[in-house]
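Some notes on the structure that comes next.
Numbering (my numbering), first residue to last: 816 to 965.
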């Protein structure tokens, strides 16, 4: 498995993964727009086949944000999500980011536990964050001098 930069040729496959992973999808146009805006965008590839992706950016001068991360349901629990998140954190760390934030659906306990293994902490819950009325758990990981802080 390799993690590499997203290319426009990956767009359709990334959108397929996003659609199978989330009830509320960004839409293919938004994914393309994010890429064109210059966000961080990586894909995990197995034997030439894209199996996952992560989109991230600098939200504020010293704050990173994981916009979206997903792995094809047929390739989950094989380390792709871990590799994608590690690479995104590493890139953001090099940019003097003090903390990285993300939102996760309050009902997605698997994702919450996944982020906790990286020492993401729960900041707060935002009721009704998603269109379907579900709340979002806002999580963050503090960074200290480019390293993950406990």
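The beta carbon of each residue, even a glycine, is placed where N, CA and C say it ideally should be.
| Asked | Found |
| --- | --- |
| Rounded straight-line distance, which links the Cα of residue 928 to that of residue 817 | 24 angstroms |
| Beta carbon of residue 867 nearer than 8 angstroms to that of residue 850 | no |
| Spatial distance of residue 937 from residue 870 (CA atoms) | 20 angstroms |
| Euclidean distance between Cα positions of residue 820 and residue 826 | 12 angstroms |
| Cβ neighbour criterion (16 or more within 10 Å) applied to residue 831 | exposed |
| Euclidean distance between Cα positions of residue 858 and residue 899 | 7 angstroms |
| Chain-order list of residues whose beta-carbon lies under 7 angstroms from that of residue 907 (same chain, five-residue window excluded) | 871, 879, 915 |
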